[in-house]
Each structure stands twice: as structure tokens, then as C-alpha cells.
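S.K.: The structure follows.
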Amino acid sequence: MARKPAHLELAGGRGPRQRIWEVIRKQAKDFTGPGIEKATCIDTATIRTYVQVLERGGFIEQISARTKFTERQHYRLIRDVGVEAPRLDRKGDVVRPTGNENMWRTMRIMGDFTAAELAIRSSTADIKVAEQTAKTYLRALAVAGYLTIVEEGHPFIRGVGARQSRYRLMPTKYTGPRPPMIQRTKCIYDPNLAKVVWQEEPDHDA
Numbered sequence: 384m385a386r387k388p389a390h391l392e393l394a395g396g397r398g399p400r401q402r403i404w405e406v407i408r409k410q411a412k413d414f415t416g417p418g419i420e421k422a423t424c425i426d427t428a429t430i431r432t433y434v435q436v437l438e439r440g441g442f443i444e445q446i447s448a449r450t451k452f453t454e455r456q457h458y459r460l461i462r463d464v465g466v467e468a469p470r471l472d473r474k475g476d477v478v479r480p481t482g483n484e485n486m487w488r489t490m491r492i493m494g495d496f497t498a499a500e501l502a503i504r505s506s507t508a509d510i511k512v513a514e515q516t517a518k519t520y521l522r523a524l525a526v527a528g529y530l531t532i533v534e535e536g537h538p539f540i541r542g543v544g545a546r547q548s549r550y551r552l553m554p555t556k557y558t559g560p561r562p563p564m565i566q567r568t569k570c571i572y573d574p575n576l577a578k579v580v581w582q583e584e585p586d587h588d589a
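Under our numbering, the first residue of the sequence shown is numbered 384, with each subsequent residue one higher.
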């Protein structure tokens, strides 16, 4: 089955794990799976899976062992890392950030930048951001109004050479820590705003 666009997968811009995490933080001293289900209407299996990986990762702990199978297991939050839900694998290990996450965070720090500069600064020992990947992402964000072009680039000119466009993230367009997502449906979805912020106009003449 084809993967749904992100704006159709997320409820209110917040995925199931994010909504579970928000309830856990609100009920930090004592929460249960059924309590989370009541507050979120998320299915039991999804809640159980995330609670298990949070426990394995050392974010929550059981308050006391159940004496009967029918008793609800109570937990408490012991490691609050902020509003963003921990991204964990099945073992409870933190999932590494993506290249887009690195670029989105780095462009806020850099001021103005070219695709080549952003790719270098966003790369780590674990994640390598290709220059072409940075170019594609920057062009998309510029079209969507997130970036302003400080200096227009140009292709190779004899005696002058080529020059990449220089961009800057508009201060009012930093919407949050989660990077805007380029969708295969030719739109850009901002998970911080929980909405599609740019959609390619259909070609009615085609």
C-alpha cells in the first residue's frame, strides 16, 4: 500500500507518539495505558508499543508491579526531554536525526548560506548531506516562502565561473524544530503548523 502524504497521516500535525507523549507529560506522576487511550483515542497496540520503548529507553518506569493480570500497570515519567516526543526504535534507542532536520536546524544558525555551505555544515559523522540534496531542499523552501534569496546564482560563465544562489531563512518563518517536508504530491507540509504551506498549481493547459 502506498504511503499517505504526511498531512494525511498526522492528526492535527501531531502523530500518535507525539499525542501519547503529551498525555504522559501532563500525567507525569502517574499514568496508565487505558488513561492514555481515553485521552487520545489512539488504539491500544500503538500505545502499548510506545510505552514499552519509552520504558526500555529509560524515559518512564513502572510505579509498582501488578499483583493481578487484570490490574492496570501504572507508570511515571522519570526523564522529561521537552515537548517533542522522543523518537525511539524498538530497543528504546534514540533514532538519529535526518539530513533535513540537520539542514533546518543549521540554516537558522548560519544566517545566509549556499547549498554547498549548508551541506557541509549539516553533515555529521553519521549523516552526510549531499550538495544536490541541499539544493533541492533550498529551492523548495524558497518557493514556499521560507527563504529569501540574498544573492542570485548563475551557471558557468567564461572568465567568471559559476556561482550558487545564497539564501537566508526568514526569521518569521522558523515555525518550530520539525523540518518542512517535501511531499511526492508536489506540496510542502509543515508539521509545526499542521498544514500544507505550498501546493504546486495544476497545469490546466496540459
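Quick reminder that beta carbons are idealized off the backbone N, C-alpha and C, glycines included.
Identify, in the order they occur along the chain, each residue of the same chain with its Cβ nearer than 8 Å to the Cβ of residue 388, setting aside the five sequence neighbours on each side.
M.R.: Numbered from 1 along the sequence shown, position 5 holds the residue referred to as residue 388. No answer about residue 388 holds up, because its pLDDT of 46 lies below 50 and its placement is not dependable.
S.K.: Rounded to whole angstroms, what is the Cα-Cα separation between residue 440 and residue 433?
M.R.: Within the sequence shown, residue 440 is the residue found at index 57, counting from 1. Within the sequence shown, residue 433 is the residue found at index 50, counting from 1. Taking the straight line joining both Cα atoms gives about 10 Å.
S.K.: Threshold first: 3 residues or longer. Then list the beta strand (DSSP E) segments lying entirely within the region 508 to 577, N to C.
M.R.: Runs of the beta strand (DSSP E) inside the region 508 to 577: 530 to 534, 537 to 540, 544 to 546, 549 to 552, 564 to 566 and 570 to 573.
S.K.: Our contact map puts residue 457 next to residue 446 with C-beta atoms below 8 Å; I'd like the distance itself, whole angstroms only.
M.R.: Translated into positions along the sequence shown, residue 457 becomes position 74. Translated into positions along the sequence shown, residue 446 becomes position 63. The pair is a contact, with the Cβ atoms about 4 Å apart (cut-off 8 Å).
S.K.: Mind checking which residues open and close the beta strand (DSSP E) that includes residue 443?
M.R.: If you number the sequence shown from 1, residue 443 lands on position 60. Run containing residue 443: 443 to 445, per the beta strand (DSSP E) assignment.
S.K.: I need the boundaries of the alpha helix (DSSP H) containing residue 437, first residue and last residue.
M.R.: Counting from one through the sequence shown, the residue named residue 437 turns up at place 54. Unbroken alpha helix (DSSP H) run through residue 437: 427 to 439.
S.K.: Taking buried to mean at least 16 other C-beta atoms within 10 Å of its own C-beta, is residue 547 buried or exposed?
M.R.: The residue labelled residue 547 in the question sits at position 164 within the sequence shown. Classification for residue 547: buried.
S.K.: Over the uninterrupted beta strand (DSSP E) stretch that includes residue 460, give me the two end residues.
M.R.: Your numbering for residue 460 matches position 77 in the sequence shown. First-last of the beta strand (DSSP E) with residue 460: 458 to 460.
S.K.: Considering only C-alpha positions, which residue in the set 407, 425 and 409 is nearest to residue 399?
M.R.: Within the sequence shown, numbered from 1, the residue matching residue 399 stands at position 16. Nearest C-alpha to residue 399: 425.
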